[in-house]
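Let me begin by presenting the structure, written as structure tokens, before commenting on it.
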Amino acid sequence: MNRVYPYKTYGPDITETFLMLILIILLNTGTVSAFELQVGHPYKPTYSLGVGYNFTRVDGSKRVIEYMEDADSLVIEGVLEAYPLPHRLHLEVFVYSDDDLYLDTGYSYRDLILSRLVLTEFVHNTAHSLFPATDPSEERRYLDRDRGGEYEEDIKNAVFNLRFKYPGYPFHLFVGYHGYYKNGERQQRYLIGTFGTEMTVTADVRRVKYETAEVNFGANGHFGPIEIEYTHGEKNFSPGGETSMSDMYPETGYRPGDVYQHNVIPEFRGSSDFIRIHTSYTGSLVSSATVGKISHRNTFSGVERSSLIGAGQVSYIPIPELAFFLRYRYRETDEVNPDETTLYGLNSTVTTGVRKAPDIKKHELSLDIRSRPFRRFNIAGSFSIADIKRSDTDGWMLLDADTVKKTFSIKAFGRILKGLKLRGQYIFTDNRRPLYNSEPERSHEVRLYGSYTLSSWMTTTLSYKIRWDRNDNLRYFDGGNDVLIEDGERNNTMQNVLFLTSFFPFEKTSFTAGFGFYRNG
530 MNRVYPYKTY GPDITETFLM LILIILLNTG TVSAFELQVG HPYKPTYSLG
580 VGYNFTRVDG SKRVIEYMED ADSLVIEGVL EAYPLPHRLH LEVFVYSDDD
630 LYLDTGYSYR DLILSRLVLT EFVHNTAHSL FPATDPSEER RYLDRDRGGE
680 YEEDIKNAVF NLRFKYPGYP FHLFVGYHGY YKNGERQQRY LIGTFGTEMT
730 VTADVRRVKY ETAEVNFGAN GHFGPIEIEY THGEKNFSPG GETSMSDMYP
780 ETGYRPGDVY QHNVIPEFRG SSDFIRIHTS YTGSLVSSAT VGKISHRNTF
830 SGVERSSLIG AGQVSYIPIP ELAFFLRYRY RETDEVNPDE TTLYGLNSTV
880 TTGVRKAPDI KKHELSLDIR SRPFRRFNIA GSFSIADIKR SDTDGWMLLD
930 ADTVKKTFSI KAFGRILKGL KLRGQYIFTD NRRPLYNSEP ERSHEVRLYG
980 SYTLSSWMTT TLSYKIRWDR NDNLRYFDGG NDVLIEDGER NNTMQNVLFL
1030 TSFFPFEKTS FTAGFGFYRN G
């Protein structure tokens, strides 16, 4: 039994305003004079049409035609292009079977109306993945409920874009739609049991029917030296078919033995709002900024997540040989989840608490400098600092610390001699209080690369990379004693060498000999 939560609409209600602006543009479009409508040259329409028949025979698995139907079918191919200016129209249709087609059509009127629709449909055939012939042990077993099965999914994809332009001024309204649909069967694998009981890896057939719909609309325009764009989006994922599966699970310390749901596919709803501003892309000084909000909701669990996003960039190129790029990024994530969740069995219910999801704020600032002091020789340097703050971490002992990560790199590359290319880079990372023990607190990395073209028939390449990682403060959580342990250190050195020599005796023939070495420890 699924828990259904009421859905609330995200984002501002701007549909009426958007439709009103489209109406104003269409009314002004109609004021174009009759003389302007006749401007242009007469182009005769062009078209082509082809008809055929496809005979198909498959012996054995349909995986040999993974994206085709195994049935005889009529084939139709047609292309039409017409330009009765100021109108332009194109249409392409390719039909290979009932479930295999491609359609691309578009219409435009001057530069005021522009539209395009692309539809595709195809099938995806997959074979049943078999388990090993014998079970690992008496407590660890395999159960195949659909041995020898073959599966087919019908996939449809639709993309539609429409843009309106205000006559005589660079102001646009646009709307876009993306639909993705999947219907059919697939293999589902899952585990029944726990480490304290018998464990059975099970395979079964699952019927799926997924629908994903995404709509975006907005406006953009040039206002003096800047361009501004606003976009609002809505995206919904609606599962059908078998949204969950049910099986008998053995008794454990926190639940009785019963038939429970598993492998649930929830419904998702989301929305987004973005404002983008940038100056002219010409000139030595260019800047841009983006502010947006993204919201998601899982209607099965009731979890809601909202993210506030900001980004800005300033680039300055005083001379062709020198460039500066300053970037800033910000992301704040706030997640709200229920305090408890209920597991519904056929004859029982189990309610358990849920830890509060942590909230995260991340600031990142970076500076890149690129220089070309000499012809065919370049130097690039960068420095970045990222500050990650976490809150509501009472239930997550390993997340109690904030992280500050600094990265510095310098790279030189160029063509020193004719046919000789060299590249070298050094990267230093200082990562204070990393989230995972696998992340080093400090690392040094050197990358070297060189290639030499002796002639048109021989090329040699050599690359070398070495990295030193160090972490002096490993952190573990002892769940049995409910304590945090800070002990131990981790040092690691990784080396990678690759040497290749390629020969090209003929235009379409090549031979490559290589040597590689990798060490990590």
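For the sequence shown, the working numbering gives the first residue as 530, with consecutive numbering after it. We treat Cβ as the ideally placed atom computed from N, Cα and C, and that holds for glycine. Every value quoted in this text rests on a predicted model; they were computed, and no experiment measured them.
Where does the unbroken beta strand (DSSP E) through T483 begin, and where does it stop?
-> Because the chain is modelled from 530 through 1050, residue 483 falls outside the range shown and cannot be assessed.
Hey, is the region 970-982 in contact with the region 942-959, meaning 3+ C-beta pairs nearer than 8 Å?
-> yes
Decide yes or no for the touch test of the region 745-754 against the region 784-795: beta carbon pairs closer than 8 Å, at least 3 of them.
-> no
Say whether chain D places a C-beta atom closer than 8 Å to the C-beta of N654.
-> No chain D is part of this structure, which consists of one protein chain only.
Out of N1049, F1032, S666, point me to the one whose CA is closest to T1041's CA.
-> Translated into positions along the sequence shown, residue 1041 becomes position 512. Of the candidates N1049, F1032, S666, the one whose C-alpha sits nearest the C-alpha of T1041 is F1032.
Neighbour-count burial assignment, V593, 16 or more Cβ in a 10 Å radius | One-based indexing of the sequence shown puts residue 593 at position 64. Burial call: exposed.
Does the region 773-784 touch the region 736-745, meaning 3 or more C-beta pairs lie closer than 8 Å?
-> no
Candidates A852, N827, I755: closest to A818 by CA position = Residue mapping note: residue 818 aligns to position 289 of the sequence shown, counting from 1. Distances from the alpha-carbon of A818 to those of A852, N827, I755 put I755 closest.
How should A732 be labelled, buried or exposed, when 16 other C-beta atoms within 10 angstroms of its C-beta is the threshold for buried?
-> Counting from 1 along the sequence shown, the entry for residue 732 is found at position 203. A732 should be labelled buried.
Would you mind sorting G581 into buried or exposed? The rule is 16 or more other CB atoms within 10 Å of its CB.
-> As a working note, residue 581 is residue 52 in the sequence shown. Exposed, since its Cβ has fewer than 16 Cβ neighbours within 10 Å.
For D863, which of R919, I846, P902 has the nearest alpha-carbon?
-> Looking up residue 863 in the sequence shown gives position 334. Considering only alpha carbons, the answer is R919.
So R669 is in the beta strand (DSSP E); what residue range does that whole segment cover?
-> Taking the first residue of the sequence shown as 1, we reach residue 669 at position 140. Unbroken beta strand (DSSP E) run through R669: 669-673.
For F584, which of I914, G1045, A915, S626 has the nearest alpha-carbon?
-> Numbered from 1 along the sequence shown, position 55 holds the residue referred to as residue 584. That would be S626, whose Cα lies nearest to the Cα of F584.
Proximal residues to L578 (C-beta, below 6 Å), its chain only, five neighbours per side dropped = For the purposes of this step, residue 578 is identified with residue 49 of the sequence shown, where counting begins at 1. Around L578, the same chain offers G607 as residues with beta carbons nearer than 6 Å, after the five sequence neighbours per side are excluded.
Hey, out of T982, F1006, K934, R971, whose CA is closest to R996's CA?
-> Counting from one through the sequence shown, the residue named residue 996 turns up at place 467. Relative to the Cα of R996, the nearest Cα in the group T982, F1006, K934, R971 belongs to R971.
Spatially closest choice to A852 from D897, D1001, F803, G589, by CA coordinates = Residue mapping note: residue 852 aligns to position 323 of the sequence shown, counting from 1. Taking the Cα of A852 as reference, the smallest distance to any Cα among D897, D1001, F803, G589 is reached at D897.
Span of the beta strand (DSSP E), counted from its first residue to its last, around S801 | Numbered from 1 along the sequence shown, position 272 holds the residue referred to as residue 801. Per DSSP, S801 belongs to the beta strand (DSSP E) from 797-808.
State yes or no: is the C-beta of S836 within less than 8 Å of the C-beta of R860?
-> Within the sequence shown, the letter at position 307 stands for residue 836. Within the sequence shown, the letter at position 331 stands for residue 860. Contact: yes.
State whether the region 937-954 contacts the region 902-919, with contact taken as three or more CB pairs (one from each stretch) at a distance under 8 Å.
-> Cβ pair count under 8 Å is three or more, so yes.
Find the nearest neighbour of L620 within the set Y706, L632, E743, judged by alpha-carbon distance.
-> Counted from its first residue, the sequence shown places residue 620 at position 91. Ranking the options by Cα distance to L620, first place goes to L632.
Straight-line Cα distance separating S816 from G841 | Within the sequence shown, numbered from 1, the residue matching residue 841 stands at position 312. Within the sequence shown, numbered from 1, the residue matching residue 816 stands at position 287. Cα-Cα distance, rounded: 7 Å.
May I ask you to verify whether the region 652-662 touches the region 695-708, counting CB pairs closer than 8 Å and requiring at least 3?
-> The region 652-662 vs the region 695-708: no contact.
Proximal residues to G1043 (C-beta, below 8 Å), its chain only, five neighbours per side dropped | Mapped onto the sequence shown, residue 1043 falls at position 514. Around G1043: L1027, F1028, L1029, T1030.
Euclidean distance between Cα positions of N690 and T881 | Taking the sequence shown and counting its residues from 1, the one referred to as residue 690 is at position 161. Taking the sequence shown and counting its residues from 1, the one referred to as residue 881 is at position 352. Taking the straight line from one Cα to the other gives about 46 Å.
Inter-residue spacing [alpha-carbon to alpha-carbon] between L614 and G762 | For the purposes of this step, residue 614 is identified with residue 85 of the sequence shown, where counting begins at 1. For the purposes of this step, residue 762 is identified with residue 233 of the sequence shown, where counting begins at 1. Their Cα atoms are separated by approximately 34 Å.
Whose C-alpha, out of G1009, K1037, G1008, Y1047, is nearest the C-alpha of N1025?
-> Taking the sequence shown and counting its residues from 1, the one referred to as residue 1025 is at position 496. Cα-wise, what sits closest to N1025 is Y1047.
Around the C-beta of A601, are 16 or more other C-beta atoms found within 10 angstroms, so that it is buried, or is it exposed?
-> Translated into positions along the sequence shown, residue 601 becomes position 72. Note on identity: in this sequence residue 601 is Asp, with Ala being the wrong assignment. Counting Cβ neighbours within 10 Å, D601 comes out exposed, since fewer than 16 surround it.
Among all the DSSP beta bridges, which residues are the ones paired with L720?
-> Along the sequence shown, read from residue 1 onward, the residue named residue 720 stands at position 191. Partner(s): V730.
I594 - DSSP class collapsed to helix/strand/coil | For the purposes of this step, residue 594 is taken as residue 65 along the sequence shown, with counting starting at 1. Here I594 sits in helix by DSSP.
Do P867 and D921 have their C-beta atoms within less than 8 Å of each other?
-> As a first step, residue 867 must be located in the sequence shown, where it is residue number 338. As a first step, residue 921 must be located in the sequence shown, where it is residue number 392. Contact: no.
By Cβ distance, which residues of its chain are closer than 7 Å to P1034, with the 5 residues on each side in sequence left out?
-> Here residue 1034 refers to the residue found at position 505 of the sequence shown. Answer for P1034: W986, listed in chain order.
Run through the region 891-952 for me and flag every whole beta strand (DSSP E) of 3 or more residues, listed as ranges in chain order.
-> Taken in chain order, the unbroken stretches of beta strand (DSSP E) that lie wholly in the region 891-952 and span 3 residues or more are 906-920, 932-946.
Who are the near neighbours of M728 in its chain, counting only those whose CB is closer than 8 Å to its CB and skipping five residues on each side?
-> Translated into the one-based positions of the sequence shown, residue 728 becomes position 199. Contacts found: E668, R669, R670, L720, I721, G722.
Along the chain, where does the beta strand (DSSP E) that runs through R997 open and close?
-> Sequence index remark: in the sequence shown, residue 997 carries index 468 (1-based). Contrary to the premise, residue 997 reads as Trp rather than Arg in this sequence. Residues 987-1000.
Does DSSP put K885 in a helix, in a strand, or in coil?
-> Taking the first residue of the sequence shown as position 1, residue 885 is located at position 356. Correct three-state label for K885: coil.
Just the Cα atoms here: how many angstroms apart are Y845 and M597?
-> As a working note, residue 845 is residue 316 in the sequence shown. As a working note, residue 597 is residue 68 in the sequence shown. C-alpha separation (whole angstroms): 52 Å.
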